[in-house]
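Asker:
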Amino acid sequence: MAVFPILIGLGIDYSIQFHNRYEEENSVRETTRKIGKAIAVAVIATVLGFVSLYASPVPMIQDFGKMLTLGVIISFLGSIFILLPILHIGSQNVSTSEKPASESVITHRKSGKMDRLLSSTTRWMIRFTFPVLLLFVVLAGAGFMVDRYIGVETDIERFMPQDLAALEDIRVIRDAVKTTDQIVVYIEDDDVLSEMNLNWIREKSHILIDQHPNEIVSIKSMDSLLVLLNGLQDSTYENAMLQLNDLPETQRKMFVNESNTETVMLINTLHLSTTENKELIENLKEELGGSSMKVVITGKSVLDVEMVEGLTTGRINMTLLGLGLVFMALLVIYRNLMKAIIPIIPVVLIIGISSGVMYLMGIEFTPITATLGALVLGMGTEMTVMLMERYIEERNLGLTKIEAMVVSVSMIGKAIVASGLTTVGGFAVLMFSSFIILQDFGFMTVVNISLALASTFIVLPPLIVLVDRFIVKKTKTMKDVVVQKG
3 MAVFPILIGL
13 GIDYSIQFHN
23 RYEEENSVRE
33 TTRKIGKAIA
43 VAVIATVLGF
53 VSLYASPVPM
63 IQDFGKMLTL
73 GVIISFLGSI
83 FILLPILHIG
93 SQNVSTSEKP
103 ASESVITHRK
113 SGKMDRLLSS
123 TTRWMIRFTF
133 PVLLLFVVLA
143 GAGFMVDRYI
153 GVETDIERFM
163 PQDLAALEDI
173 RVIRDAVKTT
183 DQIVVYIEDD
193 DVLSEMNLNW
203 IREKSHILID
213 QHPNEIVSIK
223 SMDSLLVLLN
233 GLQDSTYENA
243 MLQLNDLPET
253 QRKMFVNESN
263 TETVMLINTL
273 HLSTTENKEL
283 IENLKEELGG
293 SSMKVVITGK
303 SVLDVEMVEG
313 LTTGRINMTL
323 LGLGLVFMAL
333 LVIYRNLMKA
343 IIPIIPVVLI
353 IGISSGVMYL
363 MGIEFTPITA
373 TLGALVLGMG
383 TEMTVMLMER
393 YIEERNLGLT
403 KIEAMVVSVS
413 MIGKAIVASG
423 LTTVGGFAVL
433 MFSSFIILQD
443 FGFMTVVNIS
453 LALASTFIVL
463 PPLIVLVDRF
473 IVKKTKTMKD
483 VVVQKG
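Quick note, the sequence shown lines up with residues 3 to 488 if you use this note's numbering.
#1: Closest to I218 by CA distance: which of L141, L274, L135 is it?
#2: If you follow the alpha helix (DSSP H) that M388 is in, where does it begin and where does it stop?
#3: Contact defined as beta carbons within less than 8 Å: I believe I221 pairs with L268. What is the distance between those atoms, to the nearest angstrom?
#4: One question on the structure: do G145 and S356 come within less than 8 Å of each other, judged by their Cβ atoms?
#5: Just confirm the distance between the C-beta atoms of D177 and T263, as a whole number of angstroms; I'd bet it's less than 8 Å.
#6: Based on the DSSP output, what are the partners of T271 in its beta bridges?
#7: Can you list, in chain order, the residues of its chain with a C-beta nearer than 8 Å to that of G153? Leave out the 5 residues immediately preceding and following it.
#8: Here's a check: name, in chain order, each residue in its chain whose Cβ is nearer than 7 Å to the Cβ of E396, leaving out the five neighbours to either side.
#9: Among all the DSSP beta bridges, which residues are the ones paired with Y188?
#10: Closer than 6 Å by C-beta to L282: which residues in its own chain qualify, once you throw out the five before and the five after it? Chain order, please.
#11: Identify which residue in I353, S294, R35, F161 has its Cα closest to the Cα of L453.
#12: Taking Cβ to Cβ, would you say K341 is nearer than 8 Å to M116?
#13: Three-state secondary structure (DSSP) at V474?
#14: Contact defined as beta carbons within less than 8 Å: I believe L12 pairs with T71. What is the distance between those atoms, to the nearest angstrom?
#15: So T447 packs on L374, CB below 8 Å; how close in whole Å?
#16: Check whether the Cβ atoms of A57 and L401 sit closer than 8 Å, and answer yes or no.
#17: With respect to the alpha helix (DSSP H) encompassing F132, which residues constitute its N-terminal and C-terminal limits?
#18: Along the alpha helix (DSSP H) that carries I18, what are the first and last residues, could you check?
#19: Helix or strand or just coil, what does DSSP make of I257?
#20: Helix, strand or coil for V53, going by three-state DSSP, please let me know.
#21: Taking the straight line between their C-alpha atoms, what separation do you get for Y24 and I414?
#22: Please list, in chain order, all residues of the same chain as M162 whose beta carbon is under 7 Å from its beta carbon, the five residues on each side excluded.
#23: Taking the alpha-carbon positions, what's the K101 to L85 distance?
#24: Return the bridge partner residues of F367 from the DSSP annotation.
#25: Buried or exposed, going by whether 16 or more other CB atoms sit within 10 Å of the CB of V431?
#26: Output the distance between the C-alpha atoms of Y188 and W202, rounded to the nearest integer angstrom.
#27: Would a C-beta distance cut-off of 8 Å place V426 and G382 closer than the cut-off?
#28: Under three-state DSSP, which class holds R337?
#29: Using the Cβ count rule (16 or more neighbours within 10 Å means buried), how would you classify I91?
#30: State yes or no: is the C-beta of G316 within less than 8 Å of the C-beta of P59?
#31: Just curious, the alpha helix (DSSP H) that L455 is in, first and last residue?
#32: Which two residues bound the contiguous alpha helix (DSSP H) that contains G67?
#33: Going straight from the alpha carbon of V359 to that of A372, what length do you get?
#34: For the alpha helix (DSSP H) containing F434, name the first residue and the last one.
#35: Can you give me the Cβ contacts of S97 inside the same chain, cut-off strictly under 8 Å, excluding the 5 residues immediately before and after it?
#36: Are the beta-carbon atoms belonging to D171 and R204 less than 8 Å from one another?
Below, the structure written as structure tokens:
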């Protein structure tokens with residue numbers, strides 16, 4: 003469900019970028035030659051950002067990454083092989099006067115309130131380069147500092163509408179029986195029903211209940227079943243084995259297999275938070291260790307804890323992997339260290355600020371919000387690469403640093419804004435969902451895409467101008483500038 007708003011936004015961006023450039027050049031060949039590389043580089047960076055989702059231990063996040071990767075490639079190919087032929091055919095049917103490309107460019111640069119707004123904003127940001135960059139660095143740094151304090155939520159009940167009838171039924175049952183959650187202790191040995199092993203199970207059951215009265219409600223095992231059915235708490239081991247043979251097969255199979263090599267202890271617990279559940283399982287592993295039998299703690303509660311670990315470490319690993327892949331790809335393409343770093347810096351700042359927003363809003367990481375870093379990397383890098391490429395092109399035509407940036411922002415800014423607002427609009431709908439997990443994801447995606455737009459027009463222009471001498475190797479003579487200014 004979250005794939006389509008992203009692909010629609012990126013698809014619109016690619017299409018508008020090609021369309022705008024075609025109107026400048028009035029030639030498919032020139033359009034492809036001048037902007038094709040920039041968009042292709044942006045697509046590669048975007049795809050690699052989404053590829054990092056493959057590293058997640060959560061299958062649904064992996065599938066999310068696969069769909070995004072495939073969708074971005076299809077959107078790019080569609081812009082080339084569907085949009086450009088349509089534009090070419092359309093231009094053949096319209097009688098237009100031939101005019102130099104530079105004149106067409108001037109017309110674009112001087113038209114529209116959006117162009118003027120973007121141009122004036124760019125000049126202001128460049129004028130206050132250091133305060134702007136310092137502000138974003140401080141905000142991002144604060145966000146990274148509080149990132150460790152953001153909780154992780156895997157309780158499916160917290161994701162649902164809290165007034166759901168089925169959820170109310172679960173709560174009624176839980177109030178009546180005190181428990182609906184369970185931790186399974188799997189035990190394996192040559193003979194799990196030996197006297198020593200049964201005594202171990204009995205002793206551990208008593209110890210665990212005594213040590214965790216606020217978490218454990220009861221413990222069911224083969225020993226507790228014998229006690230329940232026959233009152234054999236104080237009976238001899240031989241009598242217990244005789245009674246065991248008389249147990250119905252269905253009851254016996256609940257706790258032990260036919261060869262008596264496997265058994266389970268079912269630990270019924272109160273409904274615990276993710277943090278409390280993790281702490282209890284860690285304590286159980288310590289308290290049940292040291293046995294001659296193979297003892298493994300398993301069950302849904304353990305899976306929830308593993309999910310927490312996957313979302314916590316996996317989220318960071320995904321982001322770092324994505325940053326590394328994008329950086330290496332840009333370094334190979336540009337063969338320029340600064341060109342490879344510049345598009346990534348705004349994205350890193352966004353990720354930090356995003357963590358700060360989550361902390362302030364009390365939003366926890368879920369299997370969906372854990373993908374935000376990769377999403378920002380994928381979409382944010384696309385925006386930054388496009389702007390940097392256009393700036394370098396304008397500088398190579400002979401424009402000054404400030405004018406080159408103003409022209410670049412005014413020429414491709416509308417496409418980026420349209421793409422960003424389309425994506426924001428698509429995800430804003432999720433904020434009205436009755437499912438809390440979708441509300442949080444929709445809100446944070448809107449925040450992140452908005453930050454990506456802001457960084458593209460606020461952080462990136464002064465940053466690029468600041469490092470101009472490292473990314474622009476040569477410029478043409480001022481004759482080109484005179485031609486463009488008419």
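For glycine and all other residues, C-beta sits at the position ideal for the given N, C-alpha and C. Bear in mind the structure is a predicted one, so any value in this text is a computation, not a measurement.
Answerer: Put simply:
#1: The count along the sequence shown starts at 1 and reaches residue 218 at position 216. Measuring from the Cα of I218, the nearest candidate turns out to be L274.
#2: For the purposes of this step, residue 388 is taken as residue 386 along the sequence shown, with counting starting at 1. That run of the alpha helix (DSSP H) goes 374–398.
#3: The residue given as residue 221 occupies position 219 in the sequence shown. The residue given as residue 268 occupies position 266 in the sequence shown. That belief holds up - the Cβ atoms of I221 and L268 are roughly 7 Å apart, short of 8 Å.
#4: As a position in the sequence shown, residue 145 is number 143, starting the count at 1. As a position in the sequence shown, residue 356 is number 354, starting the count at 1. Yes, they are a contact pair.
#5: Translated into the one-based positions of the sequence shown, residue 177 becomes position 175. Translated into the one-based positions of the sequence shown, residue 263 becomes position 261. Not confirmed; about 39 Å, so no contact.
#6: Taking the first residue of the sequence shown as position 1, residue 271 is located at position 269. DSSP, once it has assigned bridges, lists D183, I218 as partnering T271.
#7: Taking the first residue of the sequence shown as position 1, residue 153 is located at position 151. Cβ neighbours of G153 beyond the five flanking positions: T276, T277, E366, F367.
#8: One-based indexing of the sequence shown puts residue 396 at position 394. So the qualifying residues of the chain are A406, V409, S410.
#9: The residue labelled residue 188 in the question sits at position 186 within the sequence shown. Beta-bridge partners assigned by DSSP to Y188: V266, V298.
#10: Residue numbering aside, residue 282 sits at position 280 when the sequence shown is read from its first letter. Excluding positions up to five away in sequence, the list reads E217.
#11: Looking up residue 453 in the sequence shown gives position 451. If we check each option's Cα against that of L453, I353 comes out closest.
#12: Residue mapping note: residue 341 aligns to position 339 of the sequence shown, counting from 1. Residue mapping note: residue 116 aligns to position 114 of the sequence shown, counting from 1. Not in contact: K341 and M116 (Cβ atoms no closer than 8 Å).
#13: Within the sequence shown, residue 474 is the residue found at index 472, counting from 1. Of the three classes helix, strand and coil, the one that applies to V474 here is coil, per DSSP.
#14: Taking the first residue of the sequence shown as 1, we reach residue 12 at position 10. Taking the first residue of the sequence shown as 1, we reach residue 71 at position 69. Wrong, their Cβ atoms sit about 12 Å apart, outside the cutoff.
#15: The residue you call residue 447 lines up with position 445 of the sequence shown. The residue you call residue 374 lines up with position 372 of the sequence shown. Rounded, the Cβ-Cβ distance is 7 Å, consistent with contact.
#16: Position 55 of the sequence shown, counted from the first residue, corresponds to residue 57. Position 399 of the sequence shown, counted from the first residue, corresponds to residue 401. In this structure, L401 does not lie closer than 8 Å to A57 by Cβ.
#17: In the sequence shown, counting from the first residue as 1, residue 132 sits at position 130. F132 -> alpha helix (DSSP H) spans 131–148.
#18: Residue 18 sits at position 16 when you count from the first residue of the sequence shown. Looking at the DSSP string, the run of the alpha helix (DSSP H) that includes I18 is 5–27.
#19: Here residue 257 corresponds to residue number 255 of the sequence shown, with the count starting at 1. The amino acid occupying residue 257 in the given sequence is Phe; Ile does not appear at that position. Here DSSP, grouped into helix, strand and coil, assigns F257 to coil.
#20: Mapped onto the sequence shown, residue 53 falls at position 51. Residue state, collapsed to three classes: helix.
#21: Against the sequence shown, residue 24 aligns to sequence position 22. Against the sequence shown, residue 414 aligns to sequence position 412. The alpha-carbon atoms of Y24 and I414 are separated by roughly 12 Å.
#22: The residue you call residue 162 lines up with position 160 of the sequence shown. In the same chain as M162, and ignoring 5 residues on each side of it, the C-beta atoms closer than 7 Å to its own belong to L169, F437, in chain order.
#23: Numbered from its first residue, the sequence shown carries residue 101 at position 99. Numbered from its first residue, the sequence shown carries residue 85 at position 83. The predicted position of K101 is uncertain, since its pLDDT is 48 and thus under 50; no value can be drawn from it.
#24: Position 365 of the sequence shown, counted from the start, is the residue given in the question as residue 367. For F367, which the question treats as bridged, DSSP gives the partners V154.
#25: If you number the sequence shown from 1, residue 431 lands on position 429. It is exposed - the Cβ of V431 has fewer than 16 other Cβ atoms within 10 Å.
#26: For the purposes of this step, residue 188 is taken as residue 186 along the sequence shown, with counting starting at 1. For the purposes of this step, residue 202 is taken as residue 200 along the sequence shown, with counting starting at 1. Cα-Cα distance, rounded: 14 Å.
#27: For the purposes of this step, residue 426 is taken as residue 424 along the sequence shown, with counting starting at 1. For the purposes of this step, residue 382 is taken as residue 380 along the sequence shown, with counting starting at 1. Result no, Cβ atoms of V426 and G382 do not sit closer than 8 Å.
#28: As a first step, residue 337 is located in the sequence shown; it is residue number 335 there, counting from the start. Correct three-state label for R337: coil.
#29: By 1-based counting over the sequence shown, the position of residue 91 is 89. Exposed.
#30: Counted from its first residue, the sequence shown places residue 316 at position 314. Counted from its first residue, the sequence shown places residue 59 at position 57. Yes. Within cutoff.
#31: Walking along the sequence shown from the start, residue 455 turns up at place 453. Counting along the chain, the alpha helix (DSSP H) containing L455 begins and ends at 438–456.
#32: Taking the first residue of the sequence shown as position 1, residue 67 is located at position 65. Taken as a continuous stretch (DSSP letters only), the alpha helix (DSSP H) holding G67 covers 61–80.
#33: Start at 1 with the first residue of the sequence shown, and residue 359 comes out as number 357. Start at 1 with the first residue of the sequence shown, and residue 372 comes out as number 370. Distance between the alpha carbons of V359 and A372: 14 Å.
#34: Here residue 434 corresponds to residue number 432 of the sequence shown, with the count starting at 1. F434 -> no alpha helix (DSSP H), and no H or E assigned at all.
#35: On the sequence shown, residue 97 is found 95 positions in, with the first residue counted as 1. Annotation note: pLDDT 48 at S97 (below 50); position unreliable, coordinate value reported separately. Residues of the same chain with their beta carbon placed closer than 8 Å to that of S97 are lacking, with the five preceding and five following residues left out of the count.
#36: Translated into positions along the sequence shown, residue 171 becomes position 169. Translated into positions along the sequence shown, residue 204 becomes position 202. No, Cβ-Cβ distance for D171 and R204 is not below 8 Å.
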